[in-house]
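Accompanying notes for the structure given below.
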Amino acid sequence: MTIGLNHYLIVSLLVFLLGLYCVLTRRNAIGILMGVELVLNSANINYLAFAHFGSANYDGQIFAIFVIMLAAAEAAIGLAIVLGIYQTFDTIDVEATETLRG
Amino acid sequence: MSEFSLAPLLFYLIAAITVVSAGGVAFSRSIVYSAFSLMGTLLGAAGLYVMLAADFVAVIQVLIYVGGILVLTLFAVMLTHRIADVRISNRSVGGLPALLIIAFVGLVMGRAVLGANWHVADISNPPVPTTYAIGNGFLTDYVLPFELASVVLLAALIGAVVLSRKELR
């Protein structure tokens, strides 16, 4: 059976669901960021699968490079924030940062 | 006897590595195990990119995602890891509601993915080197997002330095 577009879309769907599960259930702030990285990777697999199977140019690959670049910027800022939280609260449990809740 | 092709087997192997590692990220108890499983996921994704004839993006994935972002994440994990955290329950929303949400979203998206009549082009993209075409695209069609991406990276760099600076009291 030749590997078609649907196979790659199913793989990226599974990675997306697992990343979503990470974002929903993790209490560790870095765990949540890892879930976001999984979601971004699933979007990249989608971009490249459609670029390979559905078009004759390389626009999808250019956008995949943009996604990787934005993920790097977001990871840097997110982890700087996490380290700031660790210095303030002495933990990175996101349930400890509910100081604004009434 | 049907001819045996190696390509589907390779795809299933790389896809299994990717999905099982993503499962390791999601379901691991320890955050360190999750970080190393994320490495498996990113390398599996790079293998999938190679199979999709995206050689430049695969190399960029390994260099930047694995070599940059993952190393940064590991640094942050090691700087904030506490041994006592391993026994604390890691659930924020709760396991069962999250699984219900995941199942619902998965069903909706799976139905959309498998039921849609995707327009698959008749042109088969042979695995040619893509670096030249991507570089051309960055400087002709996509020059504006390219420049804006440089500004975003500069802002992220300055922001990260400002955020991690110690306050002088």
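Line by line, the protein sequences are chains A and B.
Okay, so the first sequence: first residue is 22 according to the working numbering, each after it adds one.
Okay, so the second sequence: first residue is -10 according to the working numbering, each after it adds one.
Ideal Cβ placement from N, Cα and C applies to all residues, glycine included.
Check residue i in the structure and name its three-state DSSP category.
{"i": "residue 130 (chain B)", "result": "coil"}
{"i": "residue 111 (chain A)", "result": "coil"}
{"i": "residue 106 (chain B)", "result": "coil"}
{"i": "residue 62 (chain A)", "result": "helix"}
{"i": "residue 78 (chain A)", "result": "coil"}
{"i": "residue 154 (chain B)", "result": "coil"}
Taking residue i and residue j to be in contact with their CB atoms under 8 Å, please state how far apart those CB atoms are, rounded to whole angstroms.
{"i": "residue 44 (chain A)", "j": "residue 25 (chain A)", "result": "The pair is not a contact, with the Cβ atoms about 30 Å apart (cut-off 8 Å)."}
{"i": "residue 73 (chain A)", "j": "residue -2 (chain B)", "result": "19 Å between Cβ atoms; not a contact."}
{"i": "residue 95 (chain B)", "j": "residue 121 (chain A)", "result": "Not really, about 33 Å apart at Cβ, beyond 8 Å."}
{"i": "residue 27 (chain B)", "j": "residue 97 (chain A)", "result": "Rounded, the Cβ-Cβ distance is 16 Å, inconsistent with contact."}
Return yes when the Cβ of residue j is within less than 7 Å of the Cβ of residue i, no when it is not.
{"i": "residue 119 (chain B)", "j": "residue 42 (chain A)", "result": "no"}
{"i": "residue 87 (chain A)", "j": "residue 68 (chain A)", "result": "no"}
{"i": "residue 54 (chain B)", "j": "residue 31 (chain B)", "result": "yes"}
{"i": "residue 66 (chain B)", "j": "residue 14 (chain B)", "result": "no"}
{"i": "residue 37 (chain B)", "j": "residue 66 (chain A)", "result": "yes"}
{"i": "residue 5 (chain B)", "j": "residue 39 (chain A)", "result": "no"}
{"i": "residue 92 (chain A)", "j": "residue 54 (chain A)", "result": "no"}
{"i": "residue 123 (chain B)", "j": "residue 82 (chain A)", "result": "yes"}
{"i": "residue 102 (chain B)", "j": "residue 30 (chain A)", "result": "yes"}
{"i": "residue 141 (chain B)", "j": "residue 94 (chain A)", "result": "yes"}
{"i": "residue 92 (chain B)", "j": "residue 90 (chain A)", "result": "no"}
{"i": "residue 87 (chain B)", "j": "residue 46 (chain A)", "result": "yes"}
Determine whether the Cβ of residue i lies closer than 7 Å to any Cβ atom of chain B.
{"i": "residue 32 (chain A)", "result": "yes"}
{"i": "residue 85 (chain A)", "result": "yes"}
{"i": "residue 121 (chain A)", "result": "no"}
{"i": "residue 61 (chain A)", "result": "no"}
{"i": "residue 36 (chain A)", "result": "yes"}
{"i": "residue 46 (chain A)", "result": "yes"}
For residue i and chain A, any beta-carbon pair shorter than 7 Å?
{"i": "residue 93 (chain B)", "result": "no"}
{"i": "residue 23 (chain B)", "result": "yes"}
{"i": "residue 66 (chain B)", "result": "yes"}
{"i": "residue -7 (chain B)", "result": "no"}
{"i": "residue 153 (chain B)", "result": "yes"}
Taking 7 Å as the limit between beta carbons, can you name the residues of its chain near residue i, skipping five residues before and five after?
{"i": "residue 118 (chain A)", "result": "106 and 110"}
{"i": "residue 0 (chain B)", "result": "40"}
For residue i, decide whether its Cβ has a neighbour in chain D, counting only Cβ atoms nearer than 7 Å.
{"i": "residue 67 (chain A)", "result": "In the structure shown, chain D cannot be found, because the protein chains are A and B."}
Given residue i, which residues of its chain have a CB within under 8 Å of its CB, disregarding the five upstream and five downstream residues?
{"i": "residue 47 (chain B)", "result": "35, 36, 38 and 39"}
{"i": "residue 51 (chain A)", "result": "100, 103 and 113"}
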